[in-house]
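Numbering (the working numbering), first residue to last: 84 to 683.
Where a beta carbon is used, it is the ideal one built from N, C-alpha and C, also for glycine.
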Amino acid sequence: MRSRLGGGYHPRAPSQCTTPRDDYDNDGGRRHIAFPSTTTTTTTTTTTTKYPIEGRGDKYDINNNNMCDDIADDDDYCNIRGGVGGDGEGKSNDVGSGYGYRVYPKRWVMLFYLSALNLLSDWTGLSVAPISTITTRAYNANDDYVYMNDNDVQMFVQPEALVTCFLVASSIGTALEPWILGRIGLRRTIVFGAFCNMIGNLVKSGGLPPYIHFNDLHHGMPGTYALYVGFFLVGFANPLFQCTPALLSAAWFPQEERTLATSIALNANQLGVGCAFIVGAIYVQDPSQIVTYFSLLSMLSILAFVGTAMQLEDAPPTPPSGSSRIMRGTLEIFLAARACLARRGFSHCLAVFTCVGIIINVLSTYLDYLVRGDYHDKKSNGNLSASASDEGRGGGISTASIYVAVIGALFQLIIMLSSMIVGSFTDRTRSYFVVTLVLLVLTVVALAECGVSLDEHRAGDVRWSLLVASGCLGPLLPVAAELACENAYPLSENTVLVIMQLSCNIFSALFIPLFKVVRDVGVSSTASASATTTDDDGAALVLGTGRPPYTFSFYLLIVLSAISAVYFATFDGRYLRYEAELAKKRRDDPEQVSLGGPSL
């Protein structure tokens, strides 16, 4: 697909590019192809300019204008080297005369739609996390409403299994995202993701109640199947939004606004999870309200899809700066992964990113259980422990639901704010290694406190322990990702993010069910256990008896984070991107730049 650019077009593939000039520069190992800023067509006397590109695997033969097989770059997007009517070296001409770089107000509309899709995707993916106990009861029989006393019916839905399904589908989508981008381009990729997100929500809600609805999909086995299919589709669409903000900001925003634009789109994920806890925990108070809640998500996804399909564009008619880029994609994600893993230190960053992603996903999934648990009496424990006569329908918001909403929202908010604050510090100091190692050690301590706080004699303390853990976990994801980009340079940052996100989703999908499987290991009642008879599995020799549920589960998280900290302590990578920046500055101004590594 080609987009209008004045009287011509900007290229969507290398074969549409103009013939490059025979001059190259070496920017930290990254080879660039400089293209002429204007081309004159043979069929008209009008002089037009196209988006010149730098493409992965594309080097042009200057003599015959044919593409060779040499690999010019490892990027999976294209660099725009010249502007409309410019000189090809990043200098702008008079915008009023139709030449030079131009920033379009429409760029904020593009960012709004991508951010909204990111928000809706994560909101849907964790929509059952704050209402786990209610969701289980809503779909475990062929009745519209099942009370707590109906314990003999089969439980068809496990809410944590829905999150696992979401993450498995997200892993598949992450692996296919570069291929999809290379085949259909940025705009169609995002629109396709919005369509999958919309269909997934419609299937999950059984239509669009109260306007269009299929009652069989609201409960029982048909409703259960609809839930899993819906969560799978939404999960598959998730990486099509999550891995593309940097590409959209590179095409639409000038250099000084790109970090802000990318951060807004990425932080929309955390806001989506926060919305899931606030809206879900407060609005849904009994199983009969789940359908209405899912219908709300369906309506929002329809609006997002329609708006995206009608207004989203690949790139503006003219580039906003000399370093703007149009994505072209790559099909060689596995070759790129092998190249990244061959870099010293990359596996350390990958281990930290995966470990932290697992912990955040697990705690977000089980936060409803952890906050409600045994830390409230029957009356305040809302839908979990209150009897049918006490609960009723629409009986008001329980204390437990308020706790789930507040703690869940604060958990995500602290992750977002701490990542921005610490990320800004590491950007200035480049002390990635020290910051990561210190935060990993603090994470081990915070998780240990969470495990201890599960004890019934410390009722409620686990809520605040979880918030402390979120402050330690939040900065680790962006810091580990930035350090990986430093080690993988000049490989594409987008490729690095795809590899790390894929690993995180796969292992999270495996660990979430394991966290529940081992929840009762070492758990036994001291009141009923005797000295001679016990049904304990042997773990009591290590853990003791009378431990609350999830104690051993937290031990696994502690061990996982401790192993990651020890392994990361052996980090031996190089700051290749920083070295390239210093080398370039030395060439430009050798008297003011002294060679020195970043602070460790």
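{"Item": "For M393, which option in D671, E260, L593 and R271 has the closest C-alpha, if you only look at C-alpha atoms?", "Value": "R271"}
{"Item": "Considering only residues of the same chain and omitting the five flanking positions on each side of L496, which have a CB-CB separation below 8 angstroms?", "Value": "Q353 and G357"}
{"Item": "Taking the beta carbon of E339 as the centre, do at least 16 other beta carbons fall within 10 Å, making it buried, or is it exposed?", "Value": "exposed"}
{"Item": "Give the C-beta separation of A348 and L197 to the nearest angstrom, bearing in mind that I take them to be a contact with Cβ-Cβ under 8 angstroms.", "Value": "5 angstroms"}
{"Item": "Report the three-state DSSP secondary structure of T318 (helix, strand or coil).", "Value": "Checking the sequence shown, residue 318 turns out to be Gly, not Thr. DSSP places G318 in helix when its eight states are reduced to three."}
{"Item": "Between A488 and T207, what straight-line distance do the alpha-carbon atoms span, to the nearest angstrom?", "Value": "16 angstroms"}
{"Item": "Taking 8 angstroms as the threshold (C-beta atoms), are S536 and F494 in contact?", "Value": "no"}
{"Item": "Using the Cβ count rule (16 or more neighbours within 10 Å means buried), how would you classify M583?", "Value": "buried"}
{"Item": "On the three-state DSSP scale, how would you describe I480?", "Value": "coil"}
{"Item": "Of the residues I361, F436 and A344, which one's Cα is nearest the Cα of G557?", "Value": "F436"}
{"Item": "In terms of residue numbering, what span does the alpha helix (DSSP H) encompassing V601 cover?", "Value": "No alpha helix (DSSP H) holds V601; DSSP gives it neither H nor E."}
{"Item": "Would you mind listing the alpha helix (DSSP H) stretches within the region 304-370 that are 4+ residues and don't spill past its ends, in chain order?", "Value": "328-335 and 341-366"}
{"Item": "Skipping 5 residues on each side, what residues in its chain have a beta carbon closer than 6 angstroms to that of L626?", "Value": "With a pLDDT of only 45 at L626, under the threshold of 50, the placement of this residue in the model should not be trusted, and no figure is reported."}
{"Item": "Do you know offhand how far S591's Cα is from E664's?", "Value": "35 angstroms"}
{"Item": "Please state if the CB of S484 and the CB of Q368 are separated by a distance shorter than 8 angstroms.", "Value": "yes"}
{"Item": "To the nearest angstrom, how far is it from the Cα of T578 to the Cα of A419?", "Value": "7 angstroms"}
{"Item": "Compute the Euclidean distance between the alpha carbons of F278 and L343, then round it to the nearest angstrom.", "Value": "27 angstroms"}
{"Item": "With the cut-off set at 8 angstroms, would you say L285 and S381 are in Cβ contact?", "Value": "yes"}
{"Item": "Can you tell me whether L453 is buried or exposed, with buried defined as 16 or more other CB within 10 angstroms of its CB?", "Value": "buried"}
{"Item": "With a cut-off of 8 angstroms on the beta carbons, I'd call P596 and S502 a contact; round off their distance for me.", "Value": "Going by Cβ atoms, the distance from P596 to S502 rounds to 27 angstroms, so no, they are not a contact pair."}
{"Item": "By alpha-carbon positions, which one of S447, L245, K287 and P213 ends up nearest to S378?", "Value": "K287"}
{"Item": "Can you tell me whether Q495 is helix, strand or coil according to DSSP?", "Value": "helix"}
{"Item": "What does the Cβ neighbour count give for Y658, buried or exposed, with the cut at 16 atoms within 10 Å?", "Value": "buried"}
{"Item": "Shorter than 8 angstroms from the beta carbon of L209 to some beta carbon of chain B?", "Value": "Structure shown: chain B not included; a single protein chain is present."}
{"Item": "For E662, which residues in the same chain have their Cβ closer than 6 angstroms to its Cβ, ignoring the five residues on either side in sequence?", "Value": "none"}
{"Item": "Could you name the residues of the same chain whose beta carbon sits closer than 7 angstroms to that of S647, not counting the 5 residues immediately before and after it, in chain order?", "Value": "A434, V435, C438 and L523"}
{"Item": "Since K667 is in the alpha helix (DSSP H), which residue starts that stretch and which ends it?", "Value": "L659 to D671"}
{"Item": "At the level of alpha carbons, what is the spacing between G173 and R426?", "Value": "With a pLDDT of 37 at G173, under the threshold of 50, the modelled position of that residue is not reliable, and the figure given next carries that caveat. Roughly 32 angstroms separates the two Cα atoms."}
{"Item": "Hey, is the region 502-522 in contact with the region 628-642, meaning 3+ C-beta pairs nearer than 8 angstroms?", "Value": "no"}
{"Item": "Between which residues of its own chain and D655 is the CB-CB distance below 7 angstroms, once the five residues before and five after are set aside?", "Value": "R427 and G428"}
{"Item": "Exposed or buried, T512, counting other C-beta atoms within 10 Å across all chains shown (16 or more means buried)?", "Value": "exposed"}
{"Item": "Please list the terminal residues of the continuous alpha helix (DSSP H) segment that includes V642.", "Value": "T634 to F651"}
{"Item": "Let's see if you can read the secondary structure: which residues bound the alpha helix (DSSP H) around L395?", "Value": "It is not in any alpha helix (DSSP H) - L395 carries neither H nor E in the DSSP assignment."}
{"Item": "For A425, name the three-state secondary structure that DSSP assigns.", "Value": "coil"}
{"Item": "By the three-class DSSP mapping on this structure, what secondary structure does R220 have?", "Value": "helix"}
{"Item": "Do you know how far the Cα of E532 is from the Cα of R630?", "Value": "14 angstroms"}
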